[in-house]
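Asker: So the sequence shown is residues -21 to -1, 1 to 514, counted in mature numbering (1 follows the signal peptide of the UniProt record, and there is no 0). Note that the Cβ used here is the ideal one computed from N, Cα and C, for glycine as well. The structure displayed is predicted, hence computed values, not measured ones.
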Amino acid sequence: MVTNLLLTFVICRLLSTVGLTVDPTELLRLGIDGQLSVDAAEVETASVDFGGMSRVKPLAVLHPACAEDIAGLVRAAYGSSQGFTVSAKGHGHSINGQAQTANGVVIKMSGSKVETRLISGKPAWPSIFLGEKFSYVDVWGGELWIDVLKSTLEYGLAPKSWTDYLYLSVAGTLSNAGISGQAFNHGPQISNVYELDVVTGKGELLTCSEEQNSDLFHGVLGGLGQFGIITRARIALEPAPQRVRWIRVLYSNFSSFTKDQEFLISLHGMPASEKFDYVEGFVIVDEGLINNWRSSFFSPSNPVKISSLGANGGVLYCLEITKNYDESTANTIDQEVEALMKKLDFIPASVFTTDVLYVDFLDRVHKAELKLRSKGLWDVPHPWLNIFVPKSRIADFDKGVFKGILGNNTSGPILIYPMNRNKWDERSSVVTPDEDIFYVVALLRSALDSGEETKTLEYLTNQNRQILRFCDEAGIKAKQYLPLYTTQEEWMDHFGDKWPLFLKRKIEFDPKRILATGQRIFQPSFTSPAASWSS
């Protein structure tokens, strides 16, 4: 617990820096059990993120010991005559400074020693409920998905929907959507949440769900941290398989590639034996570790090479699919996979398959991370671009971007796979293209100081702008995932018909615009909740 003397020092320094006059004795009543720090090293760590393109130093860093610490801090910001901003930071995997703040406190959600008490007398977390009809796990918002997986596997259970990379915080992915190859079947992670505890921008600690505080519940899911800080999430679970049949096949024809992907996600309502459990894909423009680091078992040992296939325009497309199984279904896995594969139109010589433990498949990107770290290729700037492209225009995107703008250099993996829009809850804050099927296109680039112009941060950032400009000029109504805009007019265009509701929720749950200012959607207002909402 922080001593009164240290807490007084930290708060006085914080408030004097932003020009506020608040009686420290009032703030001592917060009863913070964690650590509020202005240590230079901690402030520096909080000032950077995975993107490496933005560096913003906060005034202090809070390591909370419980949800009440967060609520108390936000109440202090909200209750003062002027206030300060608050941003929650999980594993720091943001790419454009979304979890940063220059005039306030960063809450370090992950890695803190959090007490396992909840509000309203609910059980401690992580707490797993086993039921006949459904099961769930309660977890701290800063918990990493890899740790959630480890705790639930002890009961033979696992969350239904994932992200490709598990070293991300629960609250962080739920504030965006949380997507991976299971989303065609189960929806994104935000479609698999039963309940949340949230600290609003007023410092209220509220439980919300479909039935209780439902507007806050739907607003926070995919809400980019604008309406509250998730301190607890109740995640849906299912029986965890033991093993995974992991398959990759290649295509040189984009139409065949997308046709097969769309066929596979159309099977989402079929029995488990008649569909794959995971459907993704990626574009191969050139070879090399930095461009294909997600392909841990595909290259360089795979004998199929781009040059030997004579792909049109030098571009190949890889379909990545998996089928889960355990001892009870091991005797039928071959037949089930073979029956599905016969319906696909891939290059016959390109099939590559392996069997791995379920946990090893889910944690596959971490293994690639370790490989990149060993070569000094992980902690570099990451000018990523993630967009949702409507199905009706994906062929135009392929022609204009994959076979056009990108040329023969990508500087990172390019993911592409379709989603079923009916698996997304329209009441959430996330916006998607207005079509039944849309594609995730993720350009996961790394800017390298290698002397090559096409790998520099400036070149890749400009190329991202060029891709977005191409979509605008071609009338491709794409939507950014993990969006980055600098003006409110751009944000209004991004949210479209959802903007009035988004604004209404902001006014209700964070009227002084204290939270998540790094998203650059709203400017903080510490004068009055009724201040102008035009900027």
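Would you tell me roughly how many angstroms separate the C-alpha atoms of GLY30 and TYR257, rounded to the nearest one?
Answerer: Position 51 of the sequence shown, counting from 1, holds the residue named residue 30. Position 278 of the sequence shown, counting from 1, holds the residue named residue 257. About 27 Å.
Asker: Would you tell me roughly how many angstroms separate the C-alpha atoms of ILE11 and GLN221, rounded to the nearest one?
Answerer: Walking along the sequence shown from the start, residue 11 turns up at place 32. Walking along the sequence shown from the start, residue 221 turns up at place 242. If I take the Cα positions, the gap works out to 43 Å.
Asker: Is the number of C-beta pairs between the segment 396 to 412 and the segment 69 to 76 that are closer than 8 Å three or more?
Answerer: Fewer than three pairs of CB atoms, one per stretch, sit closer than 8 Å, so the segment 396 to 412 makes no contact with the segment 69 to 76.
Asker: If I measure Cβ to Cβ from GLN498 and keep anything under 6 Å in the same chain, skipping five residues before and after, which residues do I get?
Answerer: As a working note, residue 498 is residue 519 in the sequence shown. Closer than 6 Å at Cβ, skipping near neighbours: GLN77 and LEU203.
Asker: For the putative contact between PHE206 and PHE488, defined by C-beta atoms under 8 Å, what is the C-beta separation to the nearest angstrom?
Answerer: In the sequence shown, residue 206 corresponds to position 227, counting from 1. In the sequence shown, residue 488 corresponds to position 509, counting from 1. Their Cβ separation, rounded to whole angstroms, is 4 Å, which keeps PHE206 and PHE488 in contact under 8 Å.
Asker: If you drop the 5 nearest sequence neighbours on each side, which residues of the same chain put their C-beta closer than 7 Å to that of ILE125?
Answerer: The residue labelled residue 125 in the question sits at position 146 within the sequence shown. Within the same chain, ILE125 has close Cβ partners LEU145, TYR146 and ASP342.
Asker: Which term fits ALA495, buried or exposed, when burial requires 16 or more other beta carbons within 10 angstroms of its beta carbon?
Answerer: To locate residue 495, count along the sequence shown from 1; it is residue 516. ALA495 comes out buried.
Asker: Can you give me the C-alpha to C-alpha distance between LEU436 and CYS297, rounded to a whole angstrom?
Answerer: Locating residue 436 in the sequence shown gives position 457, counting from the first residue. Locating residue 297 in the sequence shown gives position 318, counting from the first residue. Answer to the nearest angstrom: the Cα atoms are 27 Å apart.
Asker: In whole angstroms, what separates the C-alpha of SER231 from that of PRO369?
Answerer: The count along the sequence shown starts at 1 and reaches residue 231 at position 252. The count along the sequence shown starts at 1 and reaches residue 369 at position 390. Their Cα atoms are separated by approximately 21 Å.
Asker: Do you know offhand how far TRP357's Cα is from LEU351's?
Answerer: Numbered from 1 along the sequence shown, position 378 holds the residue referred to as residue 357. Numbered from 1 along the sequence shown, position 372 holds the residue referred to as residue 351. Near 5 Å, if we compare the C-alpha coordinates of LEU351 and TRP357.
Asker: Is it a yes or a no for the segment 332 to 341 touching the segment 233 to 249, going by three-plus beta-carbon pairs under 8 Å?
Answerer: no
Asker: Just how far apart, CA to CA, sit GLY180 and VAL84?
Answerer: If you number the sequence shown from 1, residue 180 lands on position 201. If you number the sequence shown from 1, residue 84 lands on position 105. Taking the straight line joining both Cα atoms gives about 13 Å.
Asker: Below 7 Å CB to CB, which residues in the same chain sit around GLY475 once its five sequence neighbours on both sides are set aside?
Answerer: As a position in the sequence shown, residue 475 is number 496, starting the count at 1. Taken in chain order, the residues that qualify are VAL410.
Asker: Give the secondary structure of CYS450 by DSSP, where H, G and I count as helix, E and B as strand, and everything else as coil.
Answerer: Reading the sequence shown from its first residue, position 471 is the one you call residue 450. DSSP places CYS450 in the helix class (H, G or I) of the three-state scheme.
Asker: Apart from the five residues on each side of it in sequence, which residues of its chain come closer than 7 Å, Cβ to Cβ, to THR237?
Answerer: Position 258 of the sequence shown, counted from the start, is the residue given in the question as residue 237. Counting only Cβ-Cβ distances below 7 Å, and skipping sequence neighbours, we find ILE373.
Asker: Using only the alpha-carbon positions, how far apart do GLU183 and TYR57 sit?
Answerer: Position 204 of the sequence shown, counting from 1, holds the residue named residue 183. Position 78 of the sequence shown, counting from 1, holds the residue named residue 57. Approximately 10 Å, taken between the alpha carbons.
Asker: Tell me the rounded alpha-carbon separation between SER252 and TYR418.
Answerer: For the purposes of this step, residue 252 is taken as the residue at position 273 of the sequence shown. For the purposes of this step, residue 418 is taken as the residue at position 439 of the sequence shown. Distance between the alpha carbons of SER252 and TYR418: 25 Å.
Asker: Note down, one range per segment and in chain order, each beta strand (DSSP E) of at least 3 residues found wholly within the segment 391 to 476.
Answerer: 393 to 399, 416 to 422 and 458 to 460
Asker: Going straight from the alpha carbon of GLY13 to that of GLU431, what length do you get?
Answerer: Counting from one through the sequence shown, the residue named residue 13 turns up at place 34. Counting from one through the sequence shown, the residue named residue 431 turns up at place 452. One C-alpha to the other measures close to 46 Å.
Asker: May I have the straight-line CA-CA distance separating MET249 from ALA81, to the nearest angstrom?
Answerer: Within the sequence shown, numbered from 1, the residue matching residue 249 stands at position 270. Within the sequence shown, numbered from 1, the residue matching residue 81 stands at position 102. Approximately 50 Å between the Cα atoms of the pair.
Asker: By the DSSP assignment, the beta strand (DSSP E) with PHE331 in it spans what residues?
Answerer: Numbered from its first residue, the sequence shown carries residue 331 at position 352. Per DSSP, PHE331 belongs to the beta strand (DSSP E) from 331 to 336.
Asker: Please check the pair ILE208 and VAL178, which I expect to be a contact at CB under 8 Å, by giving their CB distance rounded to whole angstroms.
Answerer: For this step, residue 208 is matched to residue 229 along the sequence shown. For this step, residue 178 is matched to residue 199 along the sequence shown. Sure, about 5 Å apart at Cβ, within 8 Å.
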